[in-house]
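Residue numbers (the numbering used here): 8 to 164.
The structure appears below as structure tokens.
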Amino acid sequence: MNVTIEITNDCDSQWVPDQETCENWIQTALDLLGENKQYNVSLCLVDEAGSKDLNSRYCGKQNATNVLSFPAQLPPVFSNQLETTLLGDVVICPAILYREADELGKTPEAHWIHLLIHGVLHLLGYDHKTDGSAAIMEELEIDILEKLGFPNPYLVG
């Protein structure tokens, strides 16, 4: 396994995937992308107030959101000495995730994996700022989820 995930749960939530499940999901994504470094990812679970605060402080948006990503920005002098590449933090708000899953007719597990993979792709440098980059990122998400046995996350219900 080339990925280690550390989970911090700062909220009361329903079902949350365990560390091994999250690592397997991310490892599948890394394998599909041809990434073979040792990676460390932090997964932080926050309530809606925490999500809103982070989204406001770092993205300038005044609302809570389902997922945020904060790539690690270690100076090369430090990162070159580490055996494991610190990818960064993925922050998920389970309350929003469960609400969205219900509204979209998705299983909570399917929405969990989609948001986690979406966040990790951001840590790896993918974005959806343009139509072209969004198409690339969405195609990767669809391929990764399909490989893991989950439906296309962009088809509702």
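No residue lacks a Cβ here, since even glycine has one placed at the ideal position from N, Cα and C.
Small disclaimer: the values here were computed from a predicted structure and weren't measured.
Self-check item: Residues that DSSP places opposite residue 14 in a beta bridge
Solution: 50
Quiz item: What is the rounded straight-line gap between the Cα of residue 116 and the Cα of residue 47?
Solution: 22 Å
Self-check item: Assumed close pair residue 78, residue 130 - CB separation to whole angstroms, cut-off 8 Å
Solution: 5 Å
Quiz item: Which residues mark the beginning and the end of the alpha helix (DSSP H) in which residue 101 is found?
Solution: 101-111
Self-check item: Three-state secondary structure assigned by DSSP to residue 158
Solution: coil
Quiz item: Beta-carbon separation of residue 34 and residue 8 under 9 Å?
Solution: yes
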